[in-house]
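Enquirer: For reference, the structure I am asking about is given below.
Residue numbers (our numbering): 104 to 181.
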């Protein structure tokens, strides 16, 4: 599935610190539990990518620039 393709899949998303100093993004959906742990520096990079993507989406929604945010480089660790 590409990032620009719509989906009917629903999932819950939780984000928070772990007891060992990592940042966890936890995705839970129909039959899936996916904990993704990142060190704080990686989490800050992901946060910046999310902010930039939100800005790009807002610009497109408001009739501005065409295209989208650059794909992220974050990688999950179990």
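Don't be surprised by glycine CBs; every beta carbon is placed ideally from N, CA and C.
Below 6 Å CB to CB, which residues in the same chain sit around residue 163 once its five sequence neighbours on both sides are set aside?
Expert: none
Enquirer: Would you identify the three-state DSSP class for residue 114, choosing helix, strand or coil?
Expert: strand
Enquirer: Would you call residue 106 buried or exposed, if buried means 16 or more other Cβ atoms sit within 10 Å of its Cβ?
Expert: exposed
Enquirer: Identify whether residue 149 lies in helix, strand or coil by the three-state DSSP scheme.
Expert: helix
Enquirer: Ends of the beta strand (DSSP E) at residue 126?
Expert: From DSSP, the beta strand (DSSP E) with residue 126 extends over 126–132.
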